[in-house]
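Report on the following structure.
2 protein chains.
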Amino acid sequence: MYQILIADDHPLFREAMARVIDDGFPGSTLLEAADLASTLQMVSDNEDIDLVVLDLNMPGMHGLQGLVQLRNQFPTVPAVIVSAEEDKNTILQAVTCGAVGFITKSSPRKQMISALEQILAGSVYLPSDIIRANNSSESSRADNPLLPEVLESLTRKQLQVFERMTHGESNKVIAWEMNIAESTVKAHVSAILRKLGATNRVQAILIASEVDFSAYQKRAGQR
Amino acid sequence: MYQILIADDHPLFREAMARVIDDGFPGSTLLEAADLASTLQMVSDNEDIDLVVLDLNMPGMHGLQGLVQLRNQFPTVPAVIVSAEEDKNTILQAVTCGAVGFITKSSPRKQMISALEQILAGSVYLPSDIIRANNSSESSRADNPLLPEVLESLTRKQLQVFERMTHGESNKVIAWEMNIAESTVKAHVSAILRKLGATNRVQAILIASEVDFSAYQKRAGQR
DNA sequence: GCGGCTATTGTTCTAAAGTACTAGGGGGAA
DNA sequence: TTCCCCCTAGTACTTTAGAACAATAGCCGC
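Read top to bottom, the protein sequences are chains A and B.
So for the first sequence, this note's numbering puts the first residue at 34; every next one is plus one.
So for the second sequence, this note's numbering puts the first residue at 34; every next one is plus one.
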């Protein structure tokens, strides 16, 4: 029925997954690989493969780097990530890198089968319980709920300067593009750094890296 | 059956969507809102709502800012984004911001219903055709497929310096922490900028912003 | 051992970044 | 009108960045 490659360095898990697939999709042809190199080789030898079940922690993977490599070499071959990891950000990143789904190793057998069904049918499967959880894990909204207020405290000109800063522009360039003196730009930059609690522009940019500027820019324009 | 809020500034679309829902889920209670403010008000008045169908371009939304606001105030109320936008990055960002699904306005009626079914059943729905397309639109891997090679070309010390750079550290601090002279750090930084084609450290950091360092760091440690 | 690469450090110099202070003009609020 | 805040701009100064060049030392392959 289907031709599926199971890529995982644990023989035990490969066997278990093979049994799941055989249950859910009897008659399917199964291939196995234990590291990234052999995975790529097998896909290369057999490009009409229907799905690659890819372990995130396999030798050679280096996180999502392995997935990217697979996607680059064989863009037409769909891959689903299987991992013990249950972090929302990781899952979203996997999809960003081209995975057509994400299955957690802790999923019950039935759920795995329905996930595979969905994926083989051409859909995208993500573990809804994790995605729907409103903890985007750590970073973003957890350790800096200050961001909104701080950004609110920036004046319109400061925001404009700030946005250009985040694009890597120098004070001179910013001054040129905004038709103001460089000394004025410096004044704005100093104010921005003070408000953000940063000691240099790099830190300021890092603080702003998680911010969607467009929303604030519009607001600034309305002022 | 279900209680669903349709939030869209176009009455025509609200009507059409209402008909879709009435077809797919007869007997459902429908609420309507035309901007973000009234959407928040209605959800506030009625927190046992089953789903908010949220238009991305509604007044007050400012892109995904409106979704974030809704999620912050009512974390338990699921929201699905409906938009004419069909950009993969936008979709993934929406999910990151707490959407439980994304429906494109160009979807055929049948597909919309099945998407809503899936979402109301507790799953996550994403337009598989767009997600599976291997064009992560512009940015990421399109205009700089160079990143991997470039990063490979960095030596272990350069990577270590680079990582500290991306944390906003100054040359002096980096020198102190690595127990090397500042002049050495500068030499490394210069080499890094040259290899990345950046004119200053801010640009270098922006280039690296999409990179998962941990993977490379491990490699560096192995050398 | 020799050549090539990398790490290290230094020096010198120019440019950029950033602070502090001053100061005039404009607009909104009391 | 007065006060306050923002934008503007300048001066003066210190610090940091970054390029260019030179030099020593270690490691690896031929």
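Glycine is no exception: its CB is placed at the ideal position from the N, C-alpha and C atoms.
Considering only the beta carbon of each residue, do residue i and residue j sit closer than 8 angstroms?
i: V113/A; j: V76/A; result: no
i: T129/B; j: S116/B; result: no
i: Y35/B; j: D68/B; result: no
i: F135/B; j: L153/B; result: no
i: R197/B; j: E210/B; result: yes
i: T199/B; j: A241/B; result: yes
i: I207/A; j: V218/A; result: yes
i: D88/B; j: D42/B; result: yes
i: I37/B; j: L73/B; result: no
i: L100/B; j: A127/B; result: yes
i: V222/B; j: M145/B; result: no
i: P108/A; j: V133/A; result: no
i: I213/B; j: V235/A; result: no
i: K228/B; j: S186/B; result: yes
i: E150/A; j: G57/A; result: yes
i: S139/A; j: G155/B; result: no
i: E215/B; j: N233/B; result: no
i: V157/B; j: I124/A; result: no
With a threshold of 8 angstroms between beta-carbons, can residue i be considered close to chain A, or not?
i: S139/B; result: no
i: Q36/B; result: no
i: Q236/B; result: yes
i: V157/B; result: yes
Residue i versus chain A: which residues are under 8 angstroms apart at the beta carbon?
i: N233/B; result: G201 and S203
i: V133/B; result: S161, I164 and R165
Could you pull the DSSP bridge partners for residue i from this structure?
i: Q36/B; result: T62/B
i: V115/B; result: D88/B and I136/B
Given that residue i touches chain B, what residues does it touch there, using C-beta distances under 9 angstroms?
i: P111/A; result: R165
Quick check: is the beta carbon of residue i nearer than 8 angstroms to any beta carbon in chain B?
i: T188/A; result: no
i: L45/A; result: no
i: L125/A; result: yes
i: T129/A; result: yes
i: M50/A; result: no
i: I39/A; result: no
Could you work out which residues of chain A lie near residue i, taking near to mean beta carbons separated by less than 7 angstroms?
i: L239/B; result: G201
Which residue spans inside the region 198-246 of chain B form an unbroken alpha helix (DSSP H) run of at least 4?
-> 204-211, 215-229 and 234-241
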